[in-house]
Amino acid sequence: MSATLAAADLARLTDRIEQAQRNAIAIPKLSDEFPGLTLAQAYQVQSELRRRFVAGGDRVVGWKAGLTSKAKMEQMGVHVPGIGFLTSAMVRPENSAIETRELIHPRVECEVAFMTCAELAGPKCTREQVLAATGFVFPALEIIDSRFAGFKFDLESVMADNASSARFVGGGRARKPQGLDLRTLGVVMEKNGEIVACAAAAAVMNHPADAVAMLVEVLHGMGEVLPAGSIVLSGGITEAVPAKPGDSFVARFQELGSVSVRFA
Ligand code: OOG
Ligand code: MG
75 MSATLAAADL ARLTDRIEQA QRNAIAIPKL SDEFPGLTLA QAYQVQSELR
125 RRFVAGGDRV VGWKAGLTSK AKMEQMGVHV PGIGFLTSAM VRPENSAIET
175 RELIHPRVEC EVAFMTCAEL AGPKCTREQV LAATGFVFPA LEIIDSRFAG
225 FKFDLESVMA DNASSARFVG GGRARKPQGL DLRTLGVVME KNGEIVACAA
275 AAAVMNHPAD AVAMLVEVLH GMGEVLPAGS IVLSGGITEA VPAKPGDSFV
325 ARFQELGSVS VRFA
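Just add 74 to wherever you are in the sequence shown, counting from 1, and you've got the working numbering.
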């Protein structure tokens with residue numbers, strides 16, 4: 075068990091992330107300023123960020139798993155998955171225009187989203203438990219925006235930065251997971267009408283429900299549970315695609331319909 079951050083360090087590191095996010099100005103990755111930052115300390119920063127947002131009136135509406143596909147891991151050079159929290163301030167309606175100027179260097183990911191109908195908790199969570207606690211799955215686009223210069227980071231820095239969470243959009247058709255094969259579920263991502271990525275959802279840890287199980291286990295380590303009624307993003311199936319003002323994205327999912335977003 076690594077040492078926890080002293081209160082002054084925790085406040086300083088959390089300030090850095092919060093200011094970078096509020097001002098949409100990139101900062102050096104956190105481990106440059108604080109060498110030796112451990113993963114446990116990084117999650118301590120993330121939890122402090124969450125506490126501040128909730129104190130400011132945001133609601134935690136769910137959680138996300140990140141770096142859960144090989145495509146994402148290779149793209150970012152980080153080969154361990156992690157988690158982040160999702161708040162009411164990050165949700166945008168289907169096909170809405172994302173304010174690009176509020177972000178630093180946004181990228182778009184297509185993901186299978188879960189809506190839970192029972193609590194999930196504990197040190198060991200299985201795919202079967204996740205599926206039994208899932209009310210429905212639906213297609214989502216996540217807009218990530220690393221607060222770090224050049225979108226470059228290590229595992230510790232990115233988890234302190236709430237796994238680059240910025241915005242997300244749900245759409246398509248909600249379906250019960252029973253009767254769907256979430257491994258062979260295909261997705262095609264289009265940017266400005268051209269196909270830019272395609273894959274099957276098994277790219278996410280062989281089964282996207284396994285990413286939710288991983289998330290529950292990491293939450294347990296933080297002393298948290300996944301409440302019923304949580305939205306969970308299971309992680310980008312393909313690599314993330316950069317977005318500029320004027321760009322539009324559509325992810326077309328087999329069985330689940332499509333979800334779209336635009337950038338203003
Ligand atoms: C970290 C967040 C990754 C995903 O779906 O894999 C993520 C990043 O790549 O900036 O959200
Ligand atoms: Mg993601």
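From the three backbone atoms N, C-alpha and C, an ideal C-beta is built for every residue, glycine too. In this text the structure is predicted, and so the values were computed from the model without any measurement.
Legend entry - Proximity test, E173 beta-carbon vs the ligand ATP heavy atom, cut-off 6 Å: The ligand ATP is not part of this structure, which contains only the ligand OOG and the ligand MG.
Legend entry - Exposure of A287, with buried meaning 16 or more beta-carbon neighbours within 10 Å: Buried: at least 16 other Cβ atoms inside 10 Å.
Inset, instruction - Please name the residue in T88, L254 and V270 whose C-alpha comes closest to that of R326. - result: Out of T88, L254 and V270, the CA that lies nearest to the CA of R326 is found in V270.
Inset, instruction - My understanding is that D105 touches S231, with C-beta atoms under 8 Å, so please give their C-beta distance in whole angstroms. - result: Before going further, note that residue 105 is Ser rather than Asp in the sequence given. Contact flag correct, Cβ pair sits at about 5 Å.
Inset, instruction - Look at the alpha carbon of M296 and the alpha carbon of Y117, and state the distance between them as a whole number of angstroms. - result: 8 Å
Legend entry - Three-way DSSP call (helix, strand, coil) for L205 in this model: helix
Legend entry - Delimiting residues of the alpha helix (DSSP H) encompassing K146: K144 to M150
Legend entry - Simplified DSSP state of L84, which is helix, strand or coil: In the structure shown, the three-state DSSP call for L84 is helix.
Inset, instruction - Name the two residues that bound the continuous beta strand (DSSP E) containing S220. - result: Element bounds for S220: n/a, residue is neither H nor E.
Legend entry - Given T190 as reference, the closest of G156, E329, K198 and P301 once Cα atoms are compared: Comparing Cα positions, the closest option is P301.
Inset, instruction - Please determine if the region 192 to 212 and the region 149 to 165 are in contact, where contact requires at least 3 C-beta pairs separated by less than 8 Å. - result: no
Inset, instruction - Taking the CB atoms as reference points, tell me whether R124 and F159 lie closer together than 7 Å. - result: yes
Inset, instruction - Check the DSSP bridge columns for E264 and list the partner residues they point to. - result: I269 and V324
Legend entry - Host alpha helix (DSSP H) of S170 (start-end): Here S170 belongs to no alpha helix (DSSP H), and DSSP marks it neither H nor E.
Inset, instruction - Return the Cβ separation of D340 and H179 in integer angstroms, given the expectation that the two are a contact with Cβ distance under 8 Å. - result: Summary: the structure shown does not reach residue 340, with the chain confined to residues 75 through 338, and so no result is reported for it.
Legend entry - Simplified DSSP state of G244, which is helix, strand or coil: strand
Inset, instruction - Inspect the CB distances between the region 142 to 159 and the region 307 to 317 and report whether three or more fall short of 8 Å. - result: In the pairwise beta carbon analysis, the region 142 to 159 is classified as touching the region 307 to 317: at least three pairs are separated by under 8 Å.
Inset, instruction - Quick one: residues in its chain with C-beta nearer than 8 Å to the C-beta of I172, no 5 flanking neighbours on either side, listed in chain order? - result: R166, P180, I217, R241, A317, V335, R336, F337 and A338
Inset, instruction - Measure from the alpha carbon of V135 to the alpha carbon of each residue in G331, P319, S304 and Q328, then state which is nearest. - result: S304
Legend entry - DSSP-derived helix/strand/coil call for V278: strand
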